[in-house]
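Following the working numbering, the numbering of the sequence shown begins with 315 at its first residue and continues without gaps. Okay, so here's the structure we're looking at.
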Amino acid sequence: MNLPTAESVRALHEKYAPTRESLSLVRTHCEIVARIALDLAARSPEPVDTGLVETGALLHDIGVYRLGDDAYVRHGVLGHELLRAEGLPEELCRFASHHTGVGLTRADIERQRLPIPPGEYVAGSVEERLVMYADKFHSKSSPPKFLDAAAYAGKVARFGPDKVVAFRALIAEFGEPDLDPLIAEYGHRVLRGDARRT
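Below, the structure written as structure tokens:
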């Protein structure tokens, strides 16, 4: 599969970002997620296409630029549509639509009445799982912050015990990332599961 170059990925962000602030926020988040995912991939006992992981992570949240007044949960399907319209391969488009939470099932969509087309938006490949998992450790909230595994487990618990089980399975599969170097580099706060904030 031919993946877009780093320059092409940057150009896509610049093309779709409605403001310089959103460009900075989303692109920085995607870069952080890519670095976390690549670090986890380096420790994976399973073979991983690191080029696909990096590119998928750098593009996974591109749909945020198209949200406008739409519900945030729509950013994944909007990103998938955007990447498909740009002629990118389906394997890459799926990183946008299959990274929300720890996966959205048809039952989740129906039960929560989510404003996205019914379907299964669950990461399948090891590369998709790595990006989805890495995404849980950084938030684009205002201000942006890192989350440790315990903090995200607490956050996802509100969607049901099955989501906590799914997140714990990802921890078992990939381990916990070392966030300290990124925290020091970016200066973002960190939310820890024991409610301490640094």
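Backbone N, C-alpha and C define an ideal beta-carbon position, used for all residues, glycine too.
Opening and closing residue of the alpha helix (DSSP H) in which residue i lies
| i | result |
| --- | --- |
| R472 | Note, R472: premise wrong, no alpha helix (DSSP H); not H, not E. |
| L496 | 494-500 |
| H389 | 389-399 |
| A410 | 404-411 |
Counted within 10 angstroms of its Cβ, other Cβ atoms place residue i as buried (16 or more) or exposed
| i | result |
| --- | --- |
| R472 | exposed |
| T369 | buried |
| Y386 | exposed |
| M315 | exposed |
| V347 | buried |
| D383 | exposed |
| G415 | buried |
Selection from the options that minimises the alpha carbon distance to residue i
| i | options | result |
| --- | --- | --- |
| E434 | P475, G390, E490, L317 | G390 |
| A483 | G417, E395, A331, A320 | G417 |
| S411 | E328, A355, H502, A437 | A437 |
| R506 | I346, L493, L381 | L493 |
| A320 | D353, V367, S358 | V367 |
| S455 | V478, A348, V378 | V378 |
| E360 | G501, A464, G489, P429 | G489 |
| R341 | I376, P318, R357, L352 | I376 |
Same chain, Cβ closer than 8 Å to residue i, five either side skipped, listed in chain order
| i | result |
| --- | --- |
| K469 | L461 |
| R511 | Because the pLDDT of R511 is 38, which lies under 50, any placement of that residue in the model is unreliable, and the number read from its coordinates should be weighed accordingly. Within the same chain, R511 has close Cβ partners R503, V504, L505. |
| S336 | V378, Y379 |
| G501 | none |
Residues near residue i in its chain [Cβ-Cβ closer than 6 Å; skip 5 each side]
| i | result |
| --- | --- |
| I497 | F460, V504 |
| I350 | A448, F451, P491 |
| Y466 | K450 |
| R334 | none |
| A355 | V362, T364, V367, L444 |
| H394 | C407, A410, S411 |
| R398 | C407 |
Residue interval of the beta strand (DSSP E) (run including residue i)
| i | result |
| --- | --- |
| R503 | 503-505 |
| L461 | 459-461 |
Spatial neighbours of residue i in its chain, beta-carbon cut-off 7 Å, leaving aside the 5 residues before and after
| i | result |
| --- | --- |
| R420 | P432, G433, E434 |
Which runs of the beta strand (DSSP E) at least 3 residues long sit entirely within the segment 417-454? Give them in chain order. none
Runs of alpha helix (DSSP H) wholly within the segment 316-369 (minimum 4 residues, chain order): 320-330, 334-356
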